[in-house]
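What follows is a single structure, written as structure tokens, with notes after it.
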């Protein structure tokens, strides 16, 4: 026999041999009274073959010989279930629904499972964590529902090592272990979600567009495996949507509340319905709407950190006072279909749609100390963000050893400014009208500049926690001259098309091989421009009208109880009535523009706009191979590698001549390949003690805006952003060690350390520039050679059920993460690099902790939760030096929730957010040098849920 024939014979025996014996499979679905139980540990007594149930609770055990057996199913907090069964004549065994709760532990969760839902939630989360192959944190839908968290970001901030960035008091972006938000992969059912937003800024998904009611559970993977996307240095946060139930399910929730800052009500309603259509086809559907008004009062100092004179670089160029009012609406719809062709073959469909409308109305006062004038600006617009995702997939058991999974999906996110309504849809944008009045200022230093007293040459300047303008002339509507009307147009979208195949082969009871491939085609389109009109009189054209604010329709300034109330309303004397939103919209009518003598000075084909629009494609071909080896009953090793081939192309324009706006097309491409080895070790020291070790290599792709070959000018935020198509991705070698101790019924202690060795770190350098008398912050991305990040984390979950009397109903959850990072930043002098200095990675907080204290009986639940994030560097200004870096100050928010079950079906609840009105505060260099402070106030709601 030839060598080739011998090899083929052995391979055929290896692959097909198992089918020659009397073997079959056993399958079923693990449930409790709350629904499907994911990650239940399922095995046959006295057998080494063990599996965990899928997200929908289903499981399959293969290669079972004819005979009599006992099935064992374990789930934290429940008595272990034993089910005898018989295999005869190689016939498959369908155990149907494997239900927990038939035998009760004393004082176990099943005793109160109808009304004490949070215990069942803890059981799910702890079991999923314990049975995971890697370092994982889990949050279940029930836990989300018991906290005052109305979007996905607010929900996951309770997880160990997770922090969030907020907008108007609501969670927006998610970061893991203090790393930048773009280093965390936010996925939906395993696929990274597309991101489209008003600033086109990064790959981080805005979680405030995603209502928490659509989530079944959240799984945070801190150590990756090769079957996960590799662009996740911080971690992978996977949001898993609701799965189809095994019986008819209907739940309705309604609530109303109040936002103190905006003095306005909120409304929230959701419905979930699922059922079996036939024995093979079942579905789940859900819908949610959340309407609320929120607000922010903000004070901001713009420092002259770009000046060469060291003393003057601490002077204040501009004081900004900003009043935000936003009417927000979040809509969400979810549909899931599951079709069981037979016990070994399944098809599924998952669809989701979410729309986020943010109707902003903003009134601003800019006190320009260097230019000796004051600018008042009124603006309003609807920010409209749509997200949809569709996924079709299948699961097949091929023989006794091979499992095949496939999926096809499409996801799209789209953003646009959608005002004013009197313009055609394609012409809409963000309308802004500003007025200017000359004025002089007091309390200036001898050099004529504005300082804080701590920085002033002679000590003359502002003291305290805020800055006052000391304007010497009264700000008056009859003195405020119309200066500009602006329309910022921004329509951007991101579309993903994906195909994925995964194969899992059971080589033996102790070794499993998994390999697969994934293709992702991403298209990014950004259509951005800034249209500007100015009065002809301001352009020196004689005989043209001059317009003052008092000639236009005005309304009272939206105090709503005071502006910057926590600071004692210090700006009341500097605030006046401003024009209405209706008047803003009228400024874009040609007849109004003609009567006011306005002339367009910047159009879509102006040189400053041509470079703002671009499109890009990103094609990623990924393949992986991994093996899971159970060395002993206590020791498991999961290892393998992932390869991702990246092909990126960008199209844009650059200006060749400013005189005639002559342009030429730009096309730039970048191709790179990444190989990512990964090893995860799990050692079960005992049944309730686990030690996990991991080495993984991961990376972070540059943000799309950073790759734009042009330059974007944004007059809303007064920023200029320049791209760099030659940026390299950031890479990280990650080392993790985690110890987990499970004790009691639902108690847990975890402790771990982690280290990241990072190369090609991308940072955004900032400087200040003046264009046409307007001050802009200029930002450009650059690569650094390397950085390191080290940290440790500790978590505890404890119910005090052994205490006497009412104290047995108390419980505590807490986690703390410490992070320390170092990178070397260049030091510049007169535009030339003279050396380097050590600093932390931007947006990396050193201390993060969460605490939850709760009291729970069979009917009453009371929870108070605190979330702390320490200070961190938020903006690096390399040319200016470390004392001019922008820092985010420490932040501690406290939320409260309580509920009471009137019956098995009806529950009343009360939720309060940010009960101490914790501000977002930024400072430059040192904490006393405040740069930005904003207050969003407290919000709350009361409502009920009804489960039919």
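In the working numbering, the protein residues as written are 180 to 1127. We put the beta carbon where it would ideally sit given N, CA and C, even for glycine. All figures in this text were calculated on a predicted structure; none of them were measured in a lab.
Give the secondary structure of residue 415 by DSSP, where H, G and I count as helix, E and B as strand, and everything else as coil. strand
Contact between the region 820-831 and the region 787-805 is defined here as three or more beta-carbon pairs at a separation below 8 Å; is this criterion met? yes
Under three-state DSSP, which class holds residue 1119? strand
Going straight from the alpha carbon of residue 594 to that of residue 604, what length do you get? 13 Å
Uninterrupted alpha helix (DSSP H) stretches inside the region 200-257 (no shorter than 4 residues): none
With 16 other Cβ atoms within 10 Å as the buried cut-off, status of residue 401: buried
For residue 917, count the other beta carbons within 10 Å of its own beta carbon; 16 or more makes it buried, fewer makes it exposed. Which is it? buried
Within a Cβ cutoff of 7 Å, which residues of the same chain sit near residue 776, ignoring the five residues on either side of it in sequence? 714, 715, 716, 723, 724
Are residue 609 and residue 558 closer than 8 Å when you measure CB to CB? yes
Option nearest residue 373 by Cα separation, candidates 664, 397, 701, 518: 701
Under a three-way DSSP split, which group does residue 766 fall into? coil
So which of 367, 742, 341, 227 has the shortest CA-CA distance to residue 360? 341
If you drop the 5 nearest sequence neighbours on each side, which residues of the same chain put their C-beta closer than 8 Å to that of residue 735? 756
Suppose you measure from the CA of residue 539 to the CA of residue 207; what does that come to, to the nearest Å? 51 Å
Considering only C-alpha positions, which residue in the set 586, 703, 1074, 809 is nearest to residue 861? 809
DSSP state of residue 573 mapped onto helix, strand, coil: strand
Strand pairing of residue 263, partner residues [DSSP]: 249
For the region 703-783, list the alpha helix (DSSP H) runs that are entirely contained and at least 4 residues long, ordered along the chain. 760-765, 769-774
How about the region 505-520 and the region 640-658: do they share at least three Cβ pairs that are nearer than 8 Å? no
Contact check, residue 1089 vs residue 1077, beta carbons under 8 Å: yes
Give me the Cα-Cα distance between residue 663 and residue 712, rounded to the nearest whole angstrom. 6 Å
Beta-ladder partner(s) of residue 1125, from DSSP: 431, 1085
Is it buried or exposed, residue 619, if we count other Cβ atoms within 10 angstroms and call 16 or more buried? exposed
On the DSSP letters alone, give me the boundaries of the beta strand (DSSP E) that residue 911 sits inside. 909-922
I need the straight-line Cα distance from residue 1087 to residue 1079, nearest angstrom please. 5 Å
Between residue 938 and the rest of its own chain, which residues show a CB-CB distance below 6 Å, the 5 nearest in sequence each way excluded? 910, 965
Would you check if the region 455-465 and the region 409-425 touch, i.e. whether three or more CB-CB distances between them fall below 8 Å? yes
Straight-line gap, residue 980 to residue 472 (C-alpha atoms, nearest Å): 41 Å
Are the beta-carbon atoms of residue 356 and residue 998 separated by less than 8 Å? yes
Considering Cα atoms alone, identify which of 919, 915, 880 is closest to residue 906. 880
By DSSP's criteria, residue 596 is part of a beta bridge. Which residues make up the other side? 562
Range of the contiguous beta strand (DSSP E) that encloses residue 502: 495-521
On the DSSP bridge assignment, give the partners of residue 1100 in chain order. 1112
So for residue 308, helix, strand or coil by DSSP? helix
Where does residue 948 land, buried or exposed, given buried means 16+ other C-beta within 10 angstroms? exposed
Is it true that the region 1094-1106 meets the region 1050-1070, where meeting means three or more beta-carbon pairs spaced less than 8 Å apart? yes
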